[in-house]
Structure formats: C-alpha cells, structure tokens
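The working numbering puts the first residue of the sequence shown at 256, with every later residue one more than the last.
The C-beta atom is built at its ideal place from N, Cα and C for all residues, glycine as well.
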Amino acid sequence: MQHREEAPAKVAVVQINGRARWSDNRPVVERLLRAAAVEGATMVALPENLLAMPADPREFVEMSTRDTPGAVADLCALAARFRLWLVAGTLPFAVDEPGRVAARSLVIDADGAIVAHYDKIHLFDVVLDDGASYRESATFRAGETPVVVDTPVGRLGMATCFDLRFPELFRNLVERGADWFCLPSAFTRATGQAHWHVLARARAIENSAWVVAPAQVGKHADGRETYGHSLIVDPWGEVLVDCGDSPDTVATARLDYGRLADLRARFPVRDLRQLE
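Structure (structure tokens):
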C-alpha cells in the first residue's frame, strides 16, 4: 500500500482521561472517533491503556479475558462504522504465563479487520525522584518483535510509551522501512515534564520520520497522574500538534510526503550513518 504524495493524508491523535472500566471509556472513544472522521482523518491513534486505567494494575489480568474481547469487537465495529484505520493501543491480552498479560496495540483497517499487532517491548520498571515505584514487569510480559505495517498514510513502525527511550528500536523500524512511528503512551506527569517533548522530537529528527503519540492525561483511579500532551511531530522535529492537558480531545495533522522526500534528499541522515 502506497501513500499518496499529491494528497497528504490526515492523521488524528486521541487524548483521554482514562477511566477504570471500558464501559466508561467506550462512549468517549466513540465520540472522539466520530469527531476525527468529521475532520477528515484517514487514521486515528489511540493511547496506551485504552481499555482501562484501573485502581490496581493486577486487574489487567482478569480484564484480559473478561473485557478485552468485547473491547476489541467494539473497536473493530467503530473502525468500520466511521471508515477509519485505527492504532488501538494498548489493551491487555492473555498470554500463556499465569498472572501476566501482554500490552498489545492493534492496527485495525477501515473494514474493521485487525491487520497487525505489537506487544510492548520495553517495560516501565523504575523508581522516580519522589519515590514512586513502577513495576510493569510484575503484570506484563515484554514483547520481543518489532513491527512495521503498511497503512494508507505510509509505512508504520509501532512502539509504546517507555519504548520512546530506546532509539535502537526506532532505528530497527526505520531499517524495515518505517516512515512514521505511532507511540500510544501514558507518561507520568513527572517523566513527561522532564522528557516527553525532547525524546519525541529526537526520535523524529534522528530518523527523518513522523512521531504520532496519543497519550493519557490527568488523574486516574490508582492515583497516578499522566502528562497528556499528545503529539504529532514532523520529520524536522516541528511539533504540529500538542494537545496540552486537555481531557478527552482529538487533533489532526497531515503527513506530507512531498516535504519528507525533499527533507531526506537535502538532509540524508539515514544514508550518512557510519556506525552500526
């Protein structure tokens, strides 16, 4: 599938204040997908923990069998209804390991069919300056496989949240032909204030590729506060979209492949790399 240089495709990022149950998140997602369709988007990116932001992350294990199948069916139906391609990330998926799940993003086409999926590779196991501790590996099993997939807006390289800190993943995606990256995220407020913009812009600049990064925002049932600032960053590092701290919103930008071709011809950083 090829992008159409004569008609830059419009991509949307959705930013939500995720609730603790899919039944509460679904109507918000539906409303924002409808708005994206009205805006003329071809493809819509949805944030990490799309299914839910529960009070206890261990709930994701039960949700993976109780709630995820229905949510996936809902998302496929919404994609088909609004004739949108979606990057729906992430949802907890059951794996063959008791007590753990995969943090999986789905690519769904405008007919409602799942055409690709990506399991988050780098898990958020950190201690912040304020003493807050996160151990995603207690609940999630890390993925192993980088994923690139053709879409109507170009060749997509998939990543999730904490993956942003690992440039070697994005280099791998570029070597597989990615022209744009999608990064569903739920950055904490503290890490987002410190690093979100600079890392997103760096990944775009060093790879001459777009970064499309939908995000969670605000306070959630577990007391965590996420940073928001869903972004679309162009291959020169210009921020085309920044949703700030607005809850439950959608914004769009066009991926202009004519500009990308010109940039890569004049500034061929991909071809000038010397170290492997």
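Query                                                                                                                                                                 : Result
Buried or exposed, going by whether 16 or more other CB atoms sit within 10 Å of the CB of Gln471?                                                                    : buried
So, do the segment 500 to 514 and the segment 275 to 291 have three or more beta carbon pairs nearer to each other than 8 angstroms?                                  : yes
Please determine, among Ile363, Tyr512, Leu495, Thr400, the residue with the shortest C-alpha to C-alpha distance to Arg456.                                          : Leu495
Going by beta carbon distance, what residues of the same chain come within less than 6 angstroms of Phe315, once the five residues before and after it are set aside? : Pro347, Val356, Thr394
Between the beta-carbon of Ala441 and the beta-carbon of Glu317, is there less than 9 angstroms?                                                                      : no
Report all residues from its chain with a CB closer than 7 angstroms to the CB of Phe536; omit the five preceding and five following residues, and keep chain order.  : With the chain represented from 256 up to 531, any question about residue 536 goes unanswered, as that position is not in the structure.
Going along the chain, which residues of its own chain have a beta-carbon closer than 6 angstroms to the beta-carbon of Gln257, five neighbours each way excluded?    : Model confidence at Gln257 stands at a pLDDT of 43, short of 50, so the residue's coordinates are unreliable; what they give is reported in the following sentence. The answer is none, since no qualifying residue turns up.
Taking only runs of the beta strand (DSSP E) that begin and end inside the segment 259 to 328, which ones reach a length of at least 3 residues, in chain order?      : 264 to 270, 298 to 301
Skipping 5 residues on each side, what residues in its chain have a beta carbon closer than 7 angstroms to that of Pro545?                                            : Not covered by the structure: residue 545. The range shown for the chain is 256 to 531.
Mind checking Glu391: buried by the 16 CB within 10 Å criterion, or exposed?                                                                                          : buried
What residues in its chain sit with their C-beta under 6 angstroms from that of Glu260, if we drop five residues either side in the sequence?                         : Per-residue confidence for Glu260 stands at a pLDDT of 45, beneath the threshold of 50, marking its modelled position as unreliable; no derived number is given.
Please return the same chain residues whose Cβ sits closer than 8 angstroms to the Cβ of Arg420, not counting the five positions on each side in sequence.            : His377, His450, Leu454
Considering Pro347, what are the terminal residues of the beta strand (DSSP E) in which it resides?                                                                   : 340 to 349
Nearest-angstrom Cα distance between Asn272 and Gln529?                                                                                                               : 43 angstroms
Reducing DSSP to helix, strand and coil, say where Met256 ends up.                                                                                                    : For Met256, the predicted structure reports a pLDDT of 41, less than 50, and the residue's modelled location is therefore unreliable. A value from the coordinates is still provided. Met256 falls in the coil class under three-state DSSP.
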